[in-house]
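Below is one structure, written out as structure tokens; the observations come after it.
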Amino acid sequence: AALIQQTNSAVKKNNKRTNNMSQKERFEFYKKNYRLIRNFQKVYPYALQTRVIIENLNTQLASMSSESDKKRLIKETEQMLFKEYESAVRTMSTSQGKLLLKLIARETNKTGYDIIKEYKGAFSASFWYGVGKIFGTDLKTEFNKAQEDSLLENIVDKYKNDELY
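Be aware that the sequence shown starts at 952, since it is given in our numbering, and climbs by one per residue.
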């Protein structure tokens, strides 16, 4: 009997989701935004991981008093990031990279430029900003969910509610 109740409550939850948006509406939304959704599904896990790494790094840095220890930790974290994620980031398309910067800004409330400046300094941030500009990317990209990024915010909500295909 308990199993039947659990199954019924799961069905009701699923019905609530589909009641918000019919299958046809979901399909039309997916069809209209297929490329953005596909790129989102590829890069969003990296944005979430970035948030976790930054939170952990900030926690560790807060407990340190020595500037040399802080610099060493930042350098070690940078090396670990390059080793673990460089190949994945290099294989991303330009549009996926731009989307990743938007999502990182959403998750961390900081632009890519601000993150680099905080940990590596203004010179490094300016250097990478210039490199990004050469390749058509803006490290100072912010996330604005009320205006131009409302569609992306909608996709994030659907992803969190398990409503994407």
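Even for Gly, the Cβ is constructed at its ideal location relative to N, Cα and C.
Pairwise C-alpha distance: residue j and residue i
i, j, result
"L1102", "K1053", "12 angstroms"
"T1062", "K1091", "5 angstroms"
"E1099", "E1093", "10 angstroms"
"F980", "S1046", "20 angstroms"
"I1106", "Q974", "16 angstroms"
"F1074", "Y1080", "10 angstroms"
"Y995", "R977", "20 angstroms"
"K1049", "G1087", "9 angstroms"
"L1008", "L1115", "32 angstroms"
"N984", "V1082", "29 angstroms"
"G1072", "D1065", "9 angstroms"
"L1032", "K982", "34 angstroms"
"E1069", "I1025", "10 angstroms"
"N990", "N1060", "21 angstroms"
"I988", "S1019", "43 angstroms"
"M1015", "R1023", "11 angstroms"
"E1027", "L1012", "13 angstroms"
"E1104", "M1043", "21 angstroms"
"K1111", "K1084", "32 angstroms"
"K1096", "S1017", "39 angstroms"
"L1051", "D1108", "16 angstroms"
"N965", "K993", "For N965, the predicted model reports a pLDDT of 47, less than 50, meaning its position is unreliable; a value from the coordinates is still stated below. Rounded to whole angstroms, N965 to K993 spans 25 angstroms at the Cα level."
"R986", "V1003", "26 angstroms"
"K967", "D1113", "Because K967 sits at a pLDDT of 47, beneath the cut-off of 50, its placement in the model cannot be relied upon, and the point is left open."
Short Cβ contact (9 angstroms threshold) for residue i with residue j
i, j, result
"E1058", "T1010", "no"
"A1076", "I1067", "yes"
From the options, residue whose alpha carbon lies closest to that of residue i
i, options, result
"E1029", "S1014, V1082, I1005, E1018", "I1005"
"A1039", "K1022, A998, A1056, N1060", "A998"
Could you give the uninterrupted runs of the alpha helix (DSSP H) lying entirely in the region 979-1059, keeping only those of 4 residues or more? 985-1013, 1018-1041, 1045-1059
Suppose only complete runs of 4+ residues qualify. What are the alpha helix (DSSP H) ranges in the region 1055-1084, listed by chain order? 1063-1071
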